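In our numbering, the protein residues as written are 1 to 200.
The structure is reproduced here in structure tokens:
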């Protein structure tokens with residue numbers, strides 16, 4: 001790949017309380033959800049892929065065995081997704097100077113493909129805007145790409161609101177890509193059953 005480079009940060013540190021079991025490790029298309037997500041991230045060929053782990057660190061690593069990813073363990077995973085974003089940004093900045101952008105994605109959006117990630121990247125490069133994000137359910141969300149100029153703001157995030165605060169702050173400066181399937185995520189056993197039915 002030539003030109004600007006990105007780091008993809010795959011957030012996979014959650015404890016899956018509502019699911020009752022680690023949703024990152026649920027079977028999907030012959031893989032686990034997290035391996036599916038990591039495989040799409042690698043295939044997009046945008047740059048380094050960093051997987052942020054937490055409670056299920058050993059199992060996540062086992063599930064991703066053989067894939068070209070690096071890991072960043074978040075000891076504060078119970079504090080919410082913001083702590084995982086901070087962990088991922090710090091990992092992306094090591095070694096300095098870091099990438100031109102970070103693309104945040106989660107493990108439980110099975111409709112995310114390498115093609116979508118590439119489109120977000122290309123939209124960002126062509127738009128000149130600080131953020132390129134997917135949009136579904138009438139709001140911007142992950143996957144979302146943030147320019148290096150926003151890294152310090154991402155590092156200040158706290159709690160369980162993720163990057164939505166930054167997306168809202170810069171809503172007039174977003175480059176948006178329609179991703180109607182983005183709302184298909186896995187938070188409960190019923191969500192998983194609906195996913196399996198949709199993919200049959």
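No residue lacks a Cβ here, since even glycine has one placed at the ideal position from N, Cα and C. If you're wondering where the values come from, they're calculated on a predicted model, not measured in any experiment.
| Asked | Found |
| --- | --- |
| So, using beta-carbon positions, are residue 36 and residue 143 closer together than 8 angstroms? | no |
| How would you call residue 23, buried or exposed, if buried means at least 16 neighbouring beta carbons within 10 angstroms? | buried |
| Between residue 59 and chain D, is any beta-carbon pair separated by less than 8 angstroms? | In the structure shown, chain D cannot be found, because there is only a single protein chain. |
| Any chance you could list the beta strand (DSSP E) runs of at least 3 consecutive residues sitting entirely within the stretch 118 to 163, in chain order? | 131 to 136 and 139 to 147 |
| Which term fits residue 45, buried or exposed, when burial requires 16 or more other beta carbons within 10 angstroms of its beta carbon? | exposed |
| By a C-beta neighbour count over all protein chains shown, 10 Å radius and 16 as the cutoff for buried, is residue 3 buried or exposed? | Confidence in residue 3 is poor, its pLDDT being 48 and thus under 50, which makes the residue's placement too unreliable to answer from. |
| Just to confirm the assignment, what range does the alpha helix (DSSP H) spanning residue 53 have? | Unbroken run through residue 53 is the beta strand (DSSP E), 49 to 53; no alpha helix (DSSP H). |
| Would you decide whether residue 130 is buried or exposed? Buried here means 16 or more other CB atoms lie within 10 Å of its CB. | buried |
| Runs of 4 residues minimum, wholly inside the stretch 59 to 130: which ones carry the alpha helix (DSSP H) assignment? | 81 to 92 and 114 to 127 |
| In the DSSP assignment, find the unbroken beta strand (DSSP E) run with residue 8 in it and report its ends. | 6 to 12 |
| Count the other CB atoms, across all protein chains shown, that sit within 10 Å of the CB of residue 95; report buried if there are 16 or more and exposed otherwise. | exposed |
| Where residue 29 and residue 89 are concerned, what is the direct C-alpha to C-alpha distance, given to the nearest angstrom? | 29 angstroms |
| Can you tell me whether DSSP reads residue 27 as helix, strand or coil? | strand |
| Under the assumption that residue 6 contacts residue 121 (Cβ atoms under 8 angstroms), give the Cβ distance between them as a whole number of angstroms. | 6 angstroms |
| Using the three-state DSSP reduction, which class does residue 184 fall into: helix, strand or coil? | coil |
| Using the three-state DSSP reduction, which class does residue 46 fall into: helix, strand or coil? | coil |
| Does the ligand PLP have even one heavy atom less than 7 angstroms from the beta-carbon of residue 73? | Only the bare structure without any ligand can be found here, which leaves the ligand PLP out of the picture. |
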